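According to the numbering used here, the sequence shown is numbered sequentially starting from 51. Just below is one structure, and these are the notes that go with it.
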Amino acid sequence: MGYKKDMSKYENLEGWERCGFGEQLDRWAEKYGERIAVTDSEDEISYMELKQKADCLAAAFLRKGILKGDKVLVQLPNRISFVIVFFALSKIGAVPIMMLPAHREAELEGIIELAKPAAYIVVEKYLGFSYVPMANAMKEKYSCIRHIFVDSESGDISGMIAETYGENGAFPAVDGYETAVLLLSGGTTGVPKLIPRTHTDYMYNARMSAKRCRLDSSDVYLASLPVAHNFPLCCPGLLGTLDVGGKVVLASATSPDDILDAITEEGVTITALVPAMVTVCMEMLEWDEDYDISSLRILQVGGAMLEDSLADKIIEEWPCKLMQVFGTAEGLLSFTSPEDEGSLIARCQGTPVSPADEVKIVDEEDKAVPEGVFGELLSRGPYTIDGYYMAEEANKKSFTSDGFYRTGDKAMWTKDGRLRLGGRIKEQINRAGEKIMPSEIEAYLCRHSKIKEAAVVGVTDETLGNRICAFLVTDDEAGIDLQEIHRFLREIGVAAYKMPDQIERVETWPLTSVGKIDKKALERMAQEK
Ligand code: J2J
């Protein structure tokens with residue numbers, strides 16, 4: 051056992067509250083009543099209704115045998131049912147695992163083997179994909195999954211809510227220091243990792259983010275990234291907006307027209323995007339003048355390196371404040387402030403959102419580096435985890451002995467005391483904000499009969515940040531093309547965002563002085579093609 055965080059250390063912090071999300075929702079319902087809490091492309095729901103429906107669904111989950119502490123895979127897109135499910139599970143102390151709609155069998159299997167979920171909640175169909183056969187196959191293969199609940203027009207979730215309507219279930223007591231949610235980590239190794247966040251630390255995360263954004267009940271927050279991601283869920287996202295009595299708009303897909311339509315129609319005041327999305331939205335705005343984004347107060351941009359030139363362009367062209375957001379699902383958040391000068395916002399990722407965040411930037415020997423020098427960013431604090439879920443070995447690598455999380459990111463302190471990120475130290479591909487472990491893709495590729503060896507690298511790409519390039523040693527003269535690789539990866543159930551964008555065949559590997567595959571050399575080779 052490594053370092054264990056002492057939660058009592060944080061009890062005097064403003065915004066720190068030992069309370070579950072279920073109880074938070076009850077208070078919000080009392081305070082904000084009939085105000086609209088959430089809208090999606092089909093419906094809207096008030097705070098009071100949200101509480102009532104979450105109560106009904108919680109009672110139904112209990113009745114079906116979901117117990118406190120059970121893990122539940124949740125794979126729902128951005129729609130109101132996601133929010134009801136989240137709070138219903140919170141109310142009974144069951145723990146949602148935040149799968150993305152893009153995940154397929156390969157990702158699910160890793161997570162199921164790790165967390166042994168008791169149930170799996172899926173949408174019936176989304177973006178042309180039917181989830182029920184996949185869910186059934188998982189239930190068939192893994193006996194831990196006792197239930198599948200389907201969110202459909204006619205189906206389970208709404209039926210379960212209707213069935214228990216008006217029932218006032220007694221729910222198990224939930225302590226704020228218990229795990230509220232398991233988030234997925236981008237990770238740097240081949241094994242999937244889950245991030246356990248407690249009710250208290252996650253609410254604190256939302257509140258400190260909301261405070262930095264000066265969020266209040268007049269705000270309309272647009273979630274266009276998949277809301278299972280930490281950024282739109284809690285930074286301040288859905289949870290931070292509900293806490294202040296604002297309105298959350300859930301966009302059903304992350305496309306520029308959906309985003310710009312929602313901003314125009316809903317009077318959105320704040321939204322969160324990854325740099326790649328900002329670029330396409332700007333292109334769209336250039337040739338379609340019907341959009342009106344004048345309601346925007348803050349545009350949060352994070353999840354991947356924001357080029358200086360794009361930051362300057364946003365500041366010049368968007369009618370709102372740019373907020374640079376450096377975030378990790380493991381905890382640490384660092385944002386610029388709405389009051390900062392534009393020139394400063396454009397060149398840094400601000401300061402940690404909590405006064406109790408401890409941040410260190412260190413060299414290879416874990417010694418602090420001076421201002422202006424890049425090193426690895428480490429963090430510890432009230433809402434940063436002290437370990438991944440059930441991952442003792444991985445934790446030894448990802449945390450220092452005194453509990454600092456090693457982000458694997460290169461960062462420096464600027465002369466005005468701000469953080470500036472400078473890319474990755476540890477291997478990880480960041481494709482339009484989605485994190486991809488090269489070793490995971492390499493393992494999938496090696497399952498193909500024609501592929502003998504594979505090395506995957508992230509290559510700098512103007513729109514995506516990184517594109518995925520796979521170098522292959524094959525035993526087939528005729529070779530293998532990108533289409534065949536995609537078909538194969540789809541067949542074995544790999545999420546679409548992990549598909550290589552480029553493949554290159556090699557006969558031999560360039561090697562480093564210690565005899566490892568020289569990935570820097572591969573990156574250069576891929577770039578030149
Ligand atoms: C460079 N790299 C960044 C930034 C994250 C808000 C925003 C993003 C995430 C997120 C999040 C970056 N510049 N501004 O959880 O709440 C890269 C770093 C980091 C990794 C974390 C949030 N903002 N990154 O992206 O857990 O490499 O969280 O370590 O998915 O994204 O990824 P993730």
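Think of the CB as a built atom: it goes at the ideal place given N, C-alpha and C, for glycine as much as any other residue. All figures in this text were calculated on a predicted structure; none of them were measured in a lab.
Secondary structure of residue 95, DSSP reduced to three states: Here residue 95 refers to the residue found at position 45 when the sequence shown is read from its first residue. Note: residue 95 maps to strand in three-state DSSP.
Three-pair Cβ contact test at 8 Å for the region 516 to 532 versus the region 120 to 131: no
Cβ-heavy atom distance, residue 485 to the ligand J2J, below 7 Å: Locating residue 485 in the sequence shown gives position 435, where the first residue counts as 1. Yes; taking the cut-off as 7 Å, the Cβ of residue 485 has a heavy atom of the ligand J2J nearer than that.
Span of the alpha helix (DSSP H), counted from its first residue to its last, around residue 283: In the sequence shown, residue 283 corresponds to position 233, counting from 1. Residue 283 -> alpha helix (DSSP H) spans 280 to 284.
Run of the beta strand (DSSP E) containing residue 147, from where it starts to where it stops: Locating residue 147 in the sequence shown gives position 97, counting from the first residue. Unbroken beta strand (DSSP E) run through residue 147: 145 to 148.
Endpoints, the beta strand (DSSP E) within which residue 408 is located: Your numbering for residue 408 matches position 358 in the sequence shown. Looking at the DSSP string, the run of the beta strand (DSSP E) that includes residue 408 is 408 to 412.
At least 3 beta-carbon pairs within less than 8 Å: the region 552 to 559 vs the region 360 to 380: no
Residue interval of the alpha helix (DSSP H) (run including residue 74): Here residue 74 corresponds to residue number 24 of the sequence shown, with the count starting at 1. Per DSSP, residue 74 belongs to the alpha helix (DSSP H) from 71 to 82.
Contact test: residue 507 Cβ vs the ligand J2J heavy atom, cutoff 7 Å: For this step, residue 507 is matched to residue 457 along the sequence shown. No, the ligand J2J has no heavy atom inside 7 Å of this Cβ.
Residue 376 Cβ short of 7 Å to the ligand J2J heavy atom set: Reading the sequence shown from its first residue, position 326 is the one you call residue 376. At least one heavy atom of the ligand J2J is nearer than 7 Å to the Cβ of residue 376, so yes.
heavy atom of the ligand J2J below 7 Å from residue 326 C-beta: Stepping through the sequence shown from its first residue, residue 326 is reached at position 276. Residue 326 Cβ: outside cutoff for every heavy atom of the ligand J2J.
Residues bridged to residue 275 (per DSSP): The count along the sequence shown starts at 1 and reaches residue 275 at position 225. Answer is none; residue 275 lacks a bridge partner.
Member of 462, 463, 433, 429 whose CA lies at the smallest distance from the CA of residue 449: Residue numbering aside, residue 449 sits at position 399 when the sequence shown is read from its first letter. The shortest Cα separation from residue 449 among 462, 463, 433, 429 belongs to 429.
Cα-Cα separation between residue 374 and residue 484, rounded to whole angstroms: Along the sequence shown, one-based indexing puts residue 374 at 324. Along the sequence shown, one-based indexing puts residue 484 at 434. When rounded, the distance between both Cα atoms is 17 Å.
Euclidean distance between Cα positions of residue 116 and residue 103: Translated into the one-based positions of the sequence shown, residue 116 becomes position 66. Translated into the one-based positions of the sequence shown, residue 103 becomes position 53. Computed Cα separation, rounded: 17 Å.
Spatially closest choice to residue 74 from 525, 357, 256, by CA coordinates: Residue mapping note: residue 74 aligns to position 24 of the sequence shown, counting from 1. Nearest option by C-alpha distance: 256.
Proximity winner among 232, 443, 110, 522, relative to residue 558 (alpha-carbon distances): Against the sequence shown, residue 558 aligns to sequence position 508. For residue 558, the nearest C-alpha among the options comes from 522.
Given 8 Å, three or more beta-carbon pairs between the region 466 to 479 and the region 262 to 273: no
Buried or exposed by the 16-neighbour rule on C-beta atoms within 10 Å, applied to residue 542: The count along the sequence shown starts at 1 and reaches residue 542 at position 492. When all chains shown are included, residue 542 counts as exposed.
Closest by C-alpha distance to residue 275, when choosing among 573, 348, 566, 303: As a first step, residue 275 is located in the sequence shown; it is residue number 225 there, counting from the start. Per the Cα distances, 303.
Residue 137 beta carbon near the ligand J2J (any heavy atom closer than 7 Å): For the purposes of this step, residue 137 is taken as the residue at position 87 of the sequence shown. It does not: the Cβ of residue 137 is nowhere closer than 7 Å to a heavy atom of the ligand J2J.
Spatially closest choice to residue 371 from 395, 379, 205, by CA coordinates: As a working mapping, residue 371 is identified with position 321 in the sequence shown. When each option's Cα is compared against that of residue 371, the closest is 395.
Those runs of the beta strand (DSSP E) which lie wholly inside the region 393 to 474 and span at least 3 residues: 408 to 412, 425 to 430, 455 to 463, 469 to 474
Close-in-space but distant-in-sequence residues of the same chain around residue 301 (CB under 7 Å, 5 per side omitted): Looking up residue 301 in the sequence shown gives position 251. Same-chain partners within the cutoff: 128, 272, 273, 274, 308, 309, 312.
Cα-Cα separation, residue 251 to residue 530: Reading the sequence shown from its first residue, position 201 is the one you call residue 251. Reading the sequence shown from its first residue, position 480 is the one you call residue 530. Looking at the two C-alpha atoms, the distance is approximately 48 Å.
Sequence ranges, alpha helix (DSSP H) only - wholly within the region 516 to 545, length at least 4: 532 to 541
The ligand J2J heavy atom lying under 7 Å from the CB of residue 285: Sequence index remark: in the sequence shown, residue 285 carries index 235 (1-based). Yes.
Three-pair Cβ contact test at 8 Å for the region 403 to 413 versus the region 220 to 229: no
Chain C contact for residue 332 (CB, 8 Å cutoff): Here chain C cannot be found, since the structure has a single protein chain.
Contact set for residue 79: own chain, Cβ-Cβ below 6 Å, skip 5 residues either direction: On the sequence shown, residue 79 is found 29 positions in, with the first residue counted as 1. For residue 79, where only same-chain residues beyond five positions count, the Cβ hits under 6 Å are 97, 98, 101.
Sheet register partners of residue 221 (DSSP bridge): Taking the sequence shown and counting its residues from 1, the one referred to as residue 221 is at position 171. Answer by DSSP bridge pairing: none, since residue 221 is not bridged.
Residue 456: CB within 7 Å of a non-hydrogen atom of the ligand J2J: Taking the sequence shown and counting its residues from 1, the one referred to as residue 456 is at position 406. It does not: the Cβ of residue 456 is nowhere closer than 7 Å to a heavy atom of the ligand J2J.
Simplified DSSP assignment, three categories, for residue 381: Here residue 381 corresponds to residue number 331 of the sequence shown, with the count starting at 1. The answer is strand: DSSP assigns residue 381 an E or B state.
Reduced DSSP category for residue 294 - H, G, I as helix; E, B as strand; rest coil: Here residue 294 refers to the residue found at position 244 of the sequence shown. Three-state DSSP puts residue 294 in a helix.
Residue 281 beta carbon near the ligand J2J (any heavy atom closer than 7 Å): Taking the first residue of the sequence shown as position 1, residue 281 is located at position 231. Because some heavy atom of the ligand J2J lies under 7 Å away, the Cβ of residue 281 counts as near it: yes.
Simplified DSSP assignment, three categories, for residue 555: Locating residue 555 in the sequence shown gives position 505, counting from the first residue. Strand.
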